[in-house]
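By the count of full-length UniProt numbering, the sequence shown reaches residue 139 at its end, each step adding exactly one.
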Amino acid sequence: MSLTKLFSVGAENGASMHSQGLLAVWERSCRLVIAIHNHIVDDIRSDMGERLSSSVIAISCNLAKSYDVSPPCKRSATIAYGQLFELSAYINLAANYLPLCPTEIKQWQTEISDIQKQLEAIIAQLQDLDDQREMVINC
């Protein structure tokens with residue numbers, strides 16, 4: 001097997017593995033969408049409710065975009081990663097404006113932190129795949 005073929009097979013296998021990781025992160029983000037919406041349903045039309053809603057949905061949408069292509073899209077995953085920080089800030093602000101329990105806020109922040117850690121690892125691996133693909137192209 002040629003070196004080029006070997007690297008491309010490795011990259012394909014890596015992309016499949018990262019797709020599974022992205023799918024797991026996307027599923028977690030969907031559960032977070034549901035959890036947040038269940039608690040802000042009465043305030044969804046308020047400015048803060050709309051910000052929380054659109055922010056958490058955007059994260060899941062970008063993760064879905066990243067997963068939907070082969071190989072997975074690092075750019076969409078990176079955007080979702082940044083949006084997690086925005087969501088975290090909105091949750092902290094919402095504590096001042098919406099009737100949210102401190103335990104709910106802590107639970108959401110913990111989930112956001114866990115998703116961020118998973119995404120950091122996936123993005124780093126996707127960067128490695130990009131580097132491998134570039135090496136194959138340059139061979």
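All C-beta atoms in this analysis are idealised placements derived from N, C-alpha and C, irrespective of residue type, glycine included.
Counting only residues of its own chain and dropping the five nearest sequence neighbours on each side, Ser88 has a CB closer than 7 Å to the CB of Gln109, Ile112.
Residues of the same chain with their beta carbon placed closer than 8 Å to that of Ile34 are lacking, with the five preceding and five following residues left out of the count. By the neighbour-count criterion, in which a residue is buried when 16 or more other Cβ atoms sit within 10 angstroms of its Cβ, Pro72 is buried. Take Leu23, set aside five residues on each side of it, and the residues of its chain with a beta-carbon closer than 7 Å to its own are Tyr67, in chain order. Between Ala77 and Trp26, the CB-CB gap reaches or exceeds 7 Å. Rounded to the nearest whole angstrom, the CA to CA distance from Gly49 to Ala94 is 8 Å. When secondary structure is reduced to three states using DSSP, Ser53 falls in the helix class. Within its own chain, the residues whose Cβ lies closer than 7 Å to the Cβ of Ser29, once the five positions on either side in sequence are excluded, are Ile59, Ser60, Leu63, Ile115, listed in chain order. When secondary structure is reduced to three states using DSSP, Arg75 falls in the helix class.
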